[in-house]
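Accompanying notes for the structure given below.
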Amino acid sequence: MYEDRRLRIVVVGSGYVGTTMAASFADLGHQVTAVDIDEDVVEALHAGDAPIHEPGLADLIERHAGGNLEASTAYDSLAGADLVYLAVQTPTDEAGNIDTTALETAARMSGEAIADQPPAERPVIVIKSTVTPPHVETIRAAAAAGAGDETLEVAMNPEFLREGSAVSDFREPDKLVFGTSSQRGDDMLTAAFEPIIEATNPVVIRTDPDTAAMIKYANNAFLAAKISLINDLGNICKEFGIDAYEVADAIGADDRIGEQFLRSGVGWGGSCFPKDVRAIIQAATAAGYRPAVLEAAVAVNAEQPARMLELLDEHVDVEDQRVAVLGLAFKPGTDDVRNSRAIPLIEGLQERGANVVAYDPVASEEMQARIPEIEYAKSAARALDGAVGALIVTAWDEFETLDDAFDAMDRQLVVDGRRVIEPRPGMTYEGLTW
Ligand code: UGA
89 MYEDRRLRIV VVGSGYVGTT MAASFADLGH QVTAVDIDED VVEALHAGDA PIHEPGLADL
149 IERHAGGNLE ASTAYDSLAG ADLVYLAVQT PTDEAGNIDT TALETAARMS GEAIADQPPA
209 ERPVIVIKST VTPPHVETIR AAAAAGAGDE TLEVAMNPEF LREGSAVSDF REPDKLVFGT
269 SSQRGDDMLT AAFEPIIEAT NPVVIRTDPD TAAMIKYANN AFLAAKISLI NDLGNICKEF
329 GIDAYEVADA IGADDRIGEQ FLRSGVGWGG SCFPKDVRAI IQAATAAGYR PAVLEAAVAV
389 NAEQPARMLE LLDEHVDVED QRVAVLGLAF KPGTDDVRNS RAIPLIEGLQ ERGANVVAYD
449 PVASEEMQAR IPEIEYAKSA ARALDGAVGA LIVTAWDEFE TLDDAFDAMD RQLVVDGRRV
509 IEPRPGMTYE GLTW
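Numbering-wise, our numbering comes out as the position in the sequence shown, counting from 1, plus 88.
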């Protein structure tokens, strides 16, 4: 039975990936300790609270805190572990290079914490953080130096979770990627995911750590470029008066293209696509290759908010006028505003001298911390009240049924960046790519 294969897993770093993974592994029956230097995060986990907003996560933490799921600020909990996951954040600098300083420190400290154990009993260290292939060696070397053991297994197990559905994505992955350099590393990762492999039979890719790191970047770069390509084609459609969604439906029926990630509009945001695409461009350029398609994907994405504002400009001069921004989260289902397309849109409206009033069902507070000077409305209807124009930026379901709320606008002008609403009689409606 699976109980026999219960592992001791330590997850270093309790950000969004680390916490989801720690709680989910605990739910699979493993004994998990989440290690983080932030005492508030550790206390929250002890108390059974989720430090981030992610559907289903609070339930898991509440259920397993104090049982299968423990939390600590100390690295000594690594002693006796089978697997040590490094899920520390890797921030980016201005140019887009990832900064692995914190991850290297975590790797070295993890190595030091297990240095006294006999080599054969040391845990397998697994990099979960997204790092470019050249950085895999940096992290491996830091962990090996800490342990004083050049044979230490440092594996790579990249993450494909989406914000907003991370818990269910963990349970039902399309694929698992095990990048290891020894049979023991592979056995350990297989044991960790055994219940999932048995239950949902995902594709399991067994490879080396560098290739595993590249698969993660290729996955995100491909999806981001796919959206930018449909946006590029969508912009052409708009010029020709053609509906890009009709075109997307048709080409998505071709199995070679696939129907997902063909929603054109104001572009991609979040903590992953923008960061990862830039990081792989930087790493490739440093290695002597400039990836032209990925550079173009970034350029198209940067241009979409400006195109939305141009559509608004065609109908109204917004100076000293009230303009509503509906949706602040980078996508529905999350309060995350990192790289949200709402940011360049609000800035563009501010440059035009507009009085911006923003609304989001969950992300207003997050945006207010970044852009405090605009007005935040308590409902979409209030944001629309008296506005001469509205920009729809996030595809929240509740925007689909606003109907009469548009009547309160001074001028019923809507520029939709996500194809959320149906135009109403009397409304001037501009779709970004349709
Ligand atoms: C993305 C990947 O989908 C995950 O597989 C990956 O694990 C994650 O990054 C990561 O590296 O951690 P996420 O950023 O949560 O996940 O969000 P997505 O659902 O992929 O959406 C990203 C952005 O693309 C959003 O701004 C969304 O609005 C936009 N998008 C998505 C479109 O504009 N059109 C589409 O058709 C789909």
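For glycine and all other residues, C-beta sits at the position ideal for the given N, C-alpha and C.
I need the DSSP call for residue i, collapsed to helix, strand or coil.
i, result
"residue 266", "strand"
"residue 241", "coil"
"residue 492", "helix"
"residue 165", "helix"
"residue 89", "Confidence at residue 89 is low in this model, with a pLDDT of 34, below 50, so the placement of that residue is unreliable and no value is reported for it."
"residue 233", "helix"
"residue 260", "coil"
"residue 97", "strand"
"residue 477", "strand"
"residue 247", "coil"
"residue 220", "coil"
"residue 119", "strand"
"residue 192", "helix"
"residue 178", "coil"
"residue 183", "coil"
"residue 319", "helix"
"residue 450", "coil"
"residue 329", "coil"
"residue 102", "coil"
"residue 159", "strand"
"residue 354", "coil"
"residue 226", "helix"
"residue 503", "strand"
"residue 516", "strand"
"residue 462", "coil"
"residue 214", "strand"
"residue 468", "helix"
"residue 203", "coil"
"residue 511", "coil"
Evaluate residue i with the Cβ neighbour count: other Cβ atoms within 10 Å of its Cβ, from every protein chain shown; 16 or more gives buried, anything less gives exposed.
i, result
"residue 378", "exposed"
"residue 506", "buried"
"residue 361", "buried"
"residue 85", "In the structure displayed, the chain extends from 89 to 522; residue 85 sits before or after that span and is not available."
"residue 392", "buried"
"residue 219", "buried"
"residue 471", "buried"
"residue 467", "exposed"
"residue 161", "exposed"
"residue 480", "buried"
"residue 90", "Unreliable positioning characterises residue 90 in this predicted model, as indicated by a pLDDT of 39, which lies under 50. The coordinate reading is nonetheless provided below. So residue 90 counts as exposed."
"residue 158", "buried"
"residue 308", "buried"
"residue 410", "buried"
"residue 424", "buried"
"residue 513", "exposed"
"residue 297", "buried"
"residue 406", "buried"
Can we count residue i as close to the ligand UGA, meaning its CB is less than 7 Å from some heavy atom?
i, result
"residue 315", "yes"
"residue 522", "no"
"residue 142", "no"
"residue 350", "yes"
"residue 364", "yes"
"residue 356", "yes"
"residue 419", "yes"
"residue 548", "In the structure displayed, the chain extends from 89 to 522; residue 548 sits before or after that span and is not available."
"residue 247", "yes"
"residue 323", "no"
"residue 220", "no"
"residue 311", "yes"
"residue 259", "no"
"residue 344", "no"
"residue 353", "yes"
"residue 507", "no"
"residue 251", "yes"
"residue 308", "yes"
Let me see if you follow: with CB-CB separation under 8 Å, is residue i close to chain C or not?
i, result
"residue 497", "Among the chains of the structure shown, chain C does not appear; only one protein chain is present."
Could you check whether the Cβ of residue i sits closer than 7 Å to any heavy atom belonging to the ligand GTP?
i, result
"residue 326", "For the structure depicted, the ligand GTP is absent and the ligand set comprises only the ligand UGA."
Note to self: Check whether the segment 120-134 and the segment 94-103 are in contact - that is, three or more C-beta pairs closer than 8 Å.
What the structure shows: Verdict: yes, contact present.
Item checked: Contained beta strand (DSSP E) runs [length at least 3] in the segment 282-313, N- to C-terminal order -> Complete beta strand (DSSP E) runs here, min 3: 291-295.
Next item on the list: Inspect the CB distances between the segment 369-378 and the segment 171-191 and report whether three or more fall short of 8 Å.
Entry: The segment 369-378 makes contact with the segment 171-191: 3 or more CB pairs, one atom from each, lie closer than 8 Å.
Next item on the list: Please specify which runs of the alpha helix (DSSP H), each continuous and at least 4 residues long, are wholly inside the segment 358-432, giving them in chain order.
Entry: List check, alpha helix (DSSP H) in window: 361-374, 380-403.
Margin query: If contact is defined by three or more beta carbon pairs under 8 Å, each pair taking one atom from either stretch, is the segment 483-503 in contact with the segment 424-436?
Written below: Contact between the segment 424-436 and the segment 483-503 is absent, because fewer than three Cβ pairs lie under 8 Å.
Note to self: Assess contact between the segment 113-124 and the segment 269-285, defined as three or more Cβ pairs (one per stretch) separated by less than 8 Å. Is contact present?
What the structure shows: Touching, per the Cβ criterion.
Check: Can we say the segment 219-235 touches the segment 383-403, given the rule of at least three CB pairs closer than 8 Å?
Finding: These segments do not touch.
Next item on the list: Decide yes or no for the touch test of the segment 198-216 against the segment 342-350: beta carbon pairs closer than 8 Å, at least 3 of them.
Entry: They do not touch, by the three-pair rule.
Margin query: Three Cβ pairs or more, each shorter than 8 Å: is that satisfied between the segment 142-154 and the segment 253-264?
Written below: In short, these stretches touch, since the Cβ pair count reaches three.
Next item on the list: Flag this pair as touching only if the segment 400-414 and the segment 445-464 have three or more C-beta atom pairs under 8 Å; answer yes or no.
Entry: With a cut-off of 8 Å on Cβ pairs, the segment 400-414 is in contact with the segment 445-464, counting three or more such pairs.
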